[in-house]
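For the sequence shown, position 77 matches number 118 in our numbering, and the numbering has no gaps at all. A quick write-up on the structure given underneath.
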Amino acid sequence: MPGATQPNSVWSYDFVHDQLVDGRALKMLCVIDEYTRECLAIEVGASLRSQDVILTLSRLMRLYGKPAFIRSDNGAEFTAAKVMRWLRDAAIGPAFITPGSPWQNGFVESFNGKPRDELLNREWFRSRAEAKVLIERWRQFYNERRPHSAHRYQPPATVRRAWLDSDNIDARLTA
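The following block contains the structure:
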């Protein structure tokens, strides 16, 4: 399994499930950078399919550049032929964990507990629109202000900026 050595070397993605106050499904695609621990996206919908995964990754690549690898479990949305073709065409290596071994995707699994504990378990969303707004607000807080123990209690976005401001040429080319 590849390890993250700089921003954009390895991204991880996974789904979080919840529901609206009226019981309708809420599904979130969480994408993180394993090096910075930055949450690049939390895509919110009723159901998210392989095409939604591709659209989210395409948007993130325009913003951040492309990762060398992307780690995930073996969920249908991640192993779909469309996604596999898209990753191949984009020259991104899929890094699938062993089935039944969520600890191999520890960065995103650990991350998933944070919005659950800090937002989802505390809020009852009346609509998907409300959920999108509050989840995006939480994501920005997480990236810009929330300290992270893995980086001497600096927020993930600070870690990315520090890396990009350094003299590391490789980081500037991939970000």
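Just so it is clear, CB atoms sit at the ideal spot from N, CA and C, and this is done for glycine as well.
Alpha-carbon to alpha-carbon, D114 and L70: Residue numbering aside, residue 70 sits at position 29 when the sequence shown is read from its first letter. Residue numbering aside, residue 114 sits at position 73 when the sequence shown is read from its first letter. About 13 angstroms.
Paired residues, beta bridge with W52 - DSSP: Sequence index remark: in the sequence shown, residue 52 carries index 11 (1-based). Its beta-bridge partners are D74 and I111.
A132 beta carbon less than 8 angstroms from that of F110: Along the sequence shown, read from residue 1 onward, the residue named residue 110 stands at position 69. Along the sequence shown, read from residue 1 onward, the residue named residue 132 stands at position 91. Between F110 and A132, the CB-CB gap reaches or exceeds 8 angstroms.
DSSP-derived helix/strand/coil call for L67: The residue labelled residue 67 in the question sits at position 26 within the sequence shown. In the structure shown, L67 sits in a strand (DSSP, three-state: E or B).
8 angstroms Cβ cutoff met for N153 and C80: What you label residue 153 is simply residue 112 of the sequence shown in a count that begins at 1. What you label residue 80 is simply residue 39 of the sequence shown in a count that begins at 1. No, the Cβ-Cβ distance between N153 and C80 is not below 8 angstroms.
Candidates R187, N162, D55 and D59, of which the one nearest T120 by Cα: The sequence position of residue 120 within the sequence shown is 79, counting from 1. Nearest option by C-alpha distance: D55.
Member of A117, R112, R90 and K107 whose CA lies at the smallest distance from the CA of D130: Looking up residue 130 in the sequence shown gives position 89. Selected option, being the one with the closest Cα: K107.
C-alpha gap between P156 and P48, whole angstroms: Position 115 of the sequence shown, counting from 1, holds the residue named residue 156. Position 7 of the sequence shown, counting from 1, holds the residue named residue 48. Using only the alpha carbons, I get a separation of about 22 angstroms.
Selected residue, minimal CA-CA separation from V62, among V72, R178 and A172: Within the sequence shown, numbered from 1, the residue matching residue 62 stands at position 21. Of V72, R178 and A172, the residue nearest in Cα terms is A172.
Within 8 angstroms, strictly: CB atoms of D59 and L161: Walking along the sequence shown from the start, residue 59 turns up at place 18. Walking along the sequence shown from the start, residue 161 turns up at place 120. A contact, by the Cβ cut-off of 8 angstroms.
CB-CB length for T97 against V72, believed under 8 angstroms: Position 56 of the sequence shown holds residue 97. Position 31 of the sequence shown holds residue 72. Indeed, because the Cβ distance is near 7 angstroms, the residues count as touching under 8 angstroms.
Residue range of the alpha helix (DSSP H) that includes V85: Here residue 85 refers to the residue found at position 44 when the sequence shown is read from its first residue. Note, V85: premise wrong, no alpha helix (DSSP H); beta strand (DSSP E) at C80 to G86.
Local conformation of V57 per DSSP, three classes: By one-based count along the sequence shown, residue 57 stands at place 16. Of the three classes helix, strand and coil, the one that applies to V57 here is strand, per DSSP.
For P197, the residue or residues it bridges with in DSSP: Counting from one through the sequence shown, the residue named residue 197 turns up at place 156. Partner(s): none; P197 has no beta bridge.
When F148, A82, R187 and A117 are compared against M102, the one with the closest alpha-carbon: On the sequence shown, position 61 is the one that residue 102 refers to. Measuring from the Cα of M102, the nearest candidate turns out to be A82.
Of the listed residues R112, W165 and L128, nearest to T139 (C-alpha basis): To locate residue 139, count along the sequence shown from 1; it is residue 98. Looking at the Cα atoms, R112 is the closest of the given residues.
C-alpha gap between E164 and P188, whole angstroms: Residue 164 sits at position 123 when you count from the first residue of the sequence shown. Residue 188 sits at position 147 when you count from the first residue of the sequence shown. Whole-angstrom Cα-Cα distance: 22 angstroms.
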